[in-house]
Each structure stands twice: as structure tokens, then as C-alpha cells.
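Enquirer: Reminder that position 155 of the sequence shown reads as 155 in UniProt numbering, one-by-one numbering, no gaps. C-beta atoms are modelled at their ideal positions from N, C-alpha and C, and glycine is treated no differently. Values in this document were obtained by computation on a predicted structure and should not be read as measured data.
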Amino acid sequence: MEDRTMRPAVIDIHPHVISTDTARFPRAPLGGHQSSWSAERPVSYQQLLADMDEAGVDKAAIVQASTCYGHDNSYVIEAVQAHPDRFTAVGSVDILADDAVSQIEQWQRRGMTGLRLFTTGSTMPGQATWFTDERSYPAWEYAQATGLPVCMQMTQDGLDDLRTIIGKFPQVRLVLDHLARPDLSGGPSFPKAAGLFDLADNPNIYLKLTVRALEALDKAGASSADFFPLLVSRFGASRIAWGSNHPASPGGLKALLGAARDALACLSEEENAWIFGRTAETLYPVLAAAEPAEVRHG
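(1) Check whether the region 28 to 39 touches the region 65 to 72, counting contact only when three or more Cβ pairs, one atom from each stretch, lie closer than 8 angstroms.
(2) Mind listing, in chain order, the continuous alpha helix (DSSP H) runs of no fewer than 4 residues lying wholly within the region 148 to 207?
(3) Please state whether DSSP places residue 113 in a helix, a strand or coil.
(4) Helix, strand or coil for residue 289? Go by DSSP, reduced to three states.
(5) When you compare only the Cα positions, how much space is there between residue 17 and residue 187?
(6) Less than 6 angstroms between C-beta atoms, sequence neighbours within five positions excluded: which residues of the same chain meet that for residue 112?
(7) Can you tell which of 58, 252, 232 has the C-alpha that lies nearest to the C-alpha of residue 264?
(8) I need the straight-line Cα distance from residue 211 to residue 30, nearest angstrom please.
(9) Is the Cβ-Cβ distance between residue 172 and residue 151 less than 8 angstroms?
(10) Unbroken beta strand (DSSP E) runs of length 3 or more, entirely within the region 204 to 236: which are they?
(11) DSSP three-state call for residue 251: helix, strand or coil?
(12) Following the continuous alpha helix (DSSP H) through residue 143, name the residue where it begins and the one where it ends.
(13) By DSSP, does residue 92 sit in helix, in strand, or in coil?
(14) Shortest alpha-carbon distance to residue 12 belongs to which of 272, 194, 277, 141?
(15) With DSSP collapsed to three states, give me the class of residue 276.
(16) Identify whether residue 61 lies in helix, strand or coil by the three-state DSSP scheme.
(17) If we count the other Cβ atoms within 10 Å of its Cβ and call it buried at 16 or more, is residue 80 buried or exposed?
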């Protein structure tokens, strides 16, 4: 058994879980049709635990699988209730609903510590703008007042709308899934990602670094050694956190973590410690509250 005290915590803030029990947990995907990944390679929370143990991941903030379950967070909540020492939940709520705040509070009482807004994705192409609708303001106000982190699944096309929200709710903590999918072409200064870098001045903007960033670098023929030091110089490692996107991205959790480790080898040990664990503990303090009951990494 590994001595957990000998290394920094490793926390994944972007895995998903899918139950094979469709009677208890029926499919209700946003966009009306289920994502192919959730149908083809579902990972239960029990399997996620096994994958984490194999990979050397201590804890996880499980993100609601919006393309499978929509706003019904029942399965991710069951995972948290079964293993509160390893998991917390980032759930989804219709923030345009009249009772959005009440819904958020109800899910929080059951173990949700983060909110996710799914404004684009495989079942909802394009970049939605509904998150700036005035009907969403009570939910934004609540998130700002309570410190509830809000993950934004979005593209660069939505950054102007995001700035509208930031202007109205400047203290709300925002976590950009997949770095908001920047275009990393154009050379080592990454000029087409200027919109992302321009957000660095806002201390409440956090970045979720997943394999999607590595794919964007590969597509652009760009170097991790150019991009990640620049990203850290602008945002600081304490505002960047790793997420696997397992199993939406294929390859397995261990390989996804390994790819991220390799890509960030250009950063310091301290910066890696923040990105692979400490930032997650800042966003989701419950993950820092107690050590796992048993650590089986080997």
C-alpha cells in the first residue's frame, strides 16, 4: 500500500459516471439524444473507483453527464453518498426555471458542491446564449453569494456573453471546462486564444485542463512546452486544475492522467502539485476535508 503522505494529492475534476441500470436511472439527455460515448463505454461509479485506484487518483469531483441524464443528478449523487471520502458532485440544474435556486439547494443538501452549465456539446452543437437570460440571474446571484463554483461547458464563441455575466456577478467563481476549447494555432504566442488569455485578470476565473487541450495542441502542431508555461504565467497554477474527461475521452483514466503528466513535465513540481490536486481542493474544499478511508495505489 502506498504511503499517501509521501506525495501530493491527485484529484480529477472532470470524470463522468453512467449506470447500466436504466430503470432506476433513465436517460434524459440534454438535446434529446444520448451521447455516443455514454452509450458505448459507460463507467459506473464502482468502476471509476477501480480506475482511480489503478491510475493513482485519490479523489474526484464527478461531473454530471448532461448528455445522458440532463438535469437529473440522481446517479452522481448516489456515487457521492456511497463514497463521500472519495467523491463530490458537480451537478446540473435548469437555471432558467422559476425554482432554480430551490433545486440547487436541494441537490446541495444531497452532496452537490458545484454547478455545471452545459451550453454546448455533442448533443447540443453551437454556442447557446441562454445563460445570460435575466431568468438566470437568481441562480447566478445565489452562486456568487454562496461561493458555489460554476463550471461552464462552452466554446470561445461564448466568451463575450460570459463577460456579461462577469460584469453583473463579478465575484462568482467560474471554471471553464476544457479551457473553453481555444484555437491554439497561429504560432507560439497563440494569438487565436487571446480571448481566453484576456480573462486572466479576473481572479475568479479558473481553468479545467483536460485532454481536449492536448488534442487542440496536436491539431495546431503546437508545443506543450510553449503553451502551458504561458498559460501558467497568465493565470497561475493555483487557478488551473486537471480533469480526465474519462470515459467521454477514450483510452482509460490511467492513460489520460499519463498524457497530462507528460504534457506538464515542462512545469515545476510546485505548479504540477497545484494543477493535479491543490486547485481542486480550493474549488471543492470537501475534497480536502478528509483522507480516503483506504488507499490502494500501488
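Expert: This is what the structure gives:
(1) yes
(2) 159 to 168, 194 to 197
(3) Strand, per DSSP.
(4) coil
(5) Cα-Cα distance, rounded: 37 angstroms.
(6) 89, 91
(7) 232
(8) 23 angstroms
(9) With contacts defined by Cβ atoms closer than 8 angstroms, residue 172 and residue 151 do not form a contacting pair.
(10) Listed in chain order, they are 205 to 209.
(11) Three-state DSSP puts residue 251 in coil, outside helix and strand.
(12) Annotation: the continuous alpha helix (DSSP H) that includes residue 143 extends over 137 to 146.
(13) strand
(14) 277
(15) Assigned with DSSP and collapsed to three states, residue 276 falls in helix.
(16) strand
(17) buried
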